[in-house]
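Participant: Have a look at this one before I ask anything.
Residue numbers (the numbering used here): 6 to 109.
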(Lines of atoms letter the chains of each structure in order from A and count residues from 1; the text may use other names and numbers.)
(Lines give C-alpha, C1' and ligand atoms only; values in the text may rest on other atoms or scores of the structure.)
Protein backbone atom coordinates (compact mmCIF):
# COMPACT_ATOMS: atom_id res chain seq x y z
CA UNK A 1 0.00 0.00 0.00
CA UNK A 2 2.88 2.38 0.67
CA UNK A 3 3.90 2.06 -2.98
CA UNK A 4 0.43 3.16 -4.10
CA UNK A 5 0.72 6.36 -2.02
CA UNK A 6 4.01 7.23 -3.76
CA UNK A 7 2.62 6.87 -7.29
CA UNK A 8 2.95 10.14 -9.18
CA UNK A 9 -0.30 11.31 -10.74
CA UNK A 10 -0.56 13.48 -13.85
CA UNK A 11 -3.49 15.69 -14.78
CA UNK A 12 -4.26 15.61 -18.49
CA UNK A 13 -5.93 18.92 -19.45
CA UNK A 14 -7.51 19.58 -22.84
CA UNK A 15 -8.50 22.96 -24.31
CA UNK A 16 -11.40 23.55 -26.63
CA UNK A 17 -10.37 25.59 -29.70
CA UNK A 18 -12.31 28.57 -28.29
CA UNK A 19 -10.32 28.48 -25.04
CA UNK A 20 -6.90 27.98 -26.64
CA UNK A 21 -6.28 31.69 -27.24
CA UNK A 22 -7.31 32.70 -23.73
CA UNK A 23 -8.74 36.09 -22.84
CA UNK A 24 -7.06 39.39 -21.95
CA UNK A 25 -7.75 41.02 -18.59
CA UNK A 26 -6.17 44.12 -17.05
CA UNK A 27 -8.34 44.23 -13.92
CA UNK A 28 -9.32 41.64 -11.31
CA UNK A 29 -11.62 41.72 -8.31
CA UNK A 30 -11.40 39.10 -5.57
CA UNK A 31 -14.32 38.42 -3.24
CA UNK A 32 -15.10 35.59 -0.83
CA UNK A 33 -17.79 33.92 1.23
CA UNK A 34 -17.63 31.23 3.89
CA UNK A 35 -17.49 28.61 1.14
CA UNK A 36 -15.52 29.99 -1.81
CA UNK A 37 -13.39 32.70 -3.34
CA UNK A 38 -14.48 34.38 -6.56
CA UNK A 39 -12.05 36.09 -8.92
CA UNK A 40 -13.67 38.27 -11.58
CA UNK A 41 -11.41 39.23 -14.47
CA UNK A 42 -12.29 42.21 -16.65
CA UNK A 43 -10.93 44.30 -19.47
CA UNK A 44 -11.21 48.00 -18.69
CA UNK A 45 -10.35 51.08 -20.72
CA UNK A 46 -7.99 53.08 -18.50
CA UNK A 47 -7.58 55.71 -21.23
CA UNK A 48 -11.04 57.16 -20.58
CA UNK A 49 -10.95 60.25 -18.40
CA UNK A 50 -14.24 59.85 -16.53
CA UNK A 51 -15.45 59.18 -13.00
CA UNK A 52 -16.81 55.80 -14.08
CA UNK A 53 -14.51 53.62 -16.18
CA UNK A 54 -16.28 51.11 -18.45
CA UNK A 55 -15.24 47.48 -18.28
CA UNK A 56 -16.26 44.10 -19.63
CA UNK A 57 -16.07 40.91 -17.56
CA UNK A 58 -14.09 38.33 -19.52
CA UNK A 59 -14.09 35.53 -16.95
CA UNK A 60 -15.26 34.68 -13.44
CA UNK A 61 -13.69 31.82 -11.50
CA UNK A 62 -14.97 30.32 -8.23
CA UNK A 63 -12.35 28.56 -6.08
CA UNK A 64 -12.39 26.41 -2.96
CA UNK A 65 -10.47 28.09 -0.09
CA UNK A 66 -7.84 25.31 -0.06
CA UNK A 67 -7.18 25.78 -3.77
CA UNK A 68 -7.06 29.58 -3.35
CA UNK A 69 -4.08 29.17 -0.98
CA UNK A 70 -2.33 26.94 -3.53
CA UNK A 71 -3.04 29.46 -6.31
CA UNK A 72 -1.74 32.36 -4.20
CA UNK A 73 1.48 30.42 -3.50
CA UNK A 74 1.91 29.55 -7.19
CA UNK A 75 1.32 33.18 -8.24
CA UNK A 76 3.82 34.44 -5.66
CA UNK A 77 6.44 31.93 -6.83
CA UNK A 78 5.93 32.73 -10.51
CA UNK A 79 5.98 36.50 -9.94
CA UNK A 80 9.18 36.20 -7.91
CA UNK A 81 10.85 34.30 -10.76
CA UNK A 82 9.57 36.87 -13.28
CA UNK A 83 10.83 39.81 -11.18
CA UNK A 84 14.24 38.17 -10.81
CA UNK A 85 14.49 37.55 -14.55
CA UNK A 86 13.42 41.11 -15.39
CA UNK A 87 15.88 42.50 -12.85
CA UNK A 88 18.69 40.52 -14.46
CA UNK A 89 17.72 41.81 -17.92
CA UNK A 90 18.11 45.38 -16.66
CA UNK A 91 21.70 44.88 -15.51
CA UNK A 92 24.24 46.76 -17.69
CA UNK A 93 26.08 43.58 -18.70
CA UNK A 94 22.83 42.29 -20.21
CA UNK A 95 22.25 45.49 -22.18
CA UNK A 96 19.71 46.88 -19.74
CA UNK A 97 19.18 50.50 -18.85
CA UNK A 98 20.02 49.99 -15.20
CA UNK A 99 22.99 51.62 -13.54
CA UNK A 100 26.17 49.73 -12.84
CA UNK A 101 26.26 47.84 -9.54
CA UNK A 102 28.25 49.48 -6.73
CA UNK A 103 31.91 48.46 -6.49
CA UNK A 104 33.46 47.38 -3.22
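Every residue gets a Cβ at the ideal spot worked out from N, C-alpha and C, and that includes glycine.
Residue 89 lies in the alpha helix (DSSP H); which residues open and close that run?
Facilitator: Bounds of the alpha helix (DSSP H) holding residue 89 are 70–94.
Participant: With contact counted as at least three CB pairs below 8 Å, one residue from each stretch, are the region 35–55 and the region 10–25 in contact?
Facilitator: Cβ pair count under 8 Å is below three, so no.
Participant: Looking at C-alpha atoms only, which residue of 20, 92, 21 and 45 is the closest neighbour of residue 29?
Facilitator: 45
Participant: Going by alpha carbons, who is nearest to residue 33 out of 19, 20, 66 and 21?
Facilitator: Minimum Cα distance to residue 33 is reached at 66.
Participant: If you follow the alpha helix (DSSP H) that residue 22 is in, where does it begin and where does it stop?
Facilitator: 22–25
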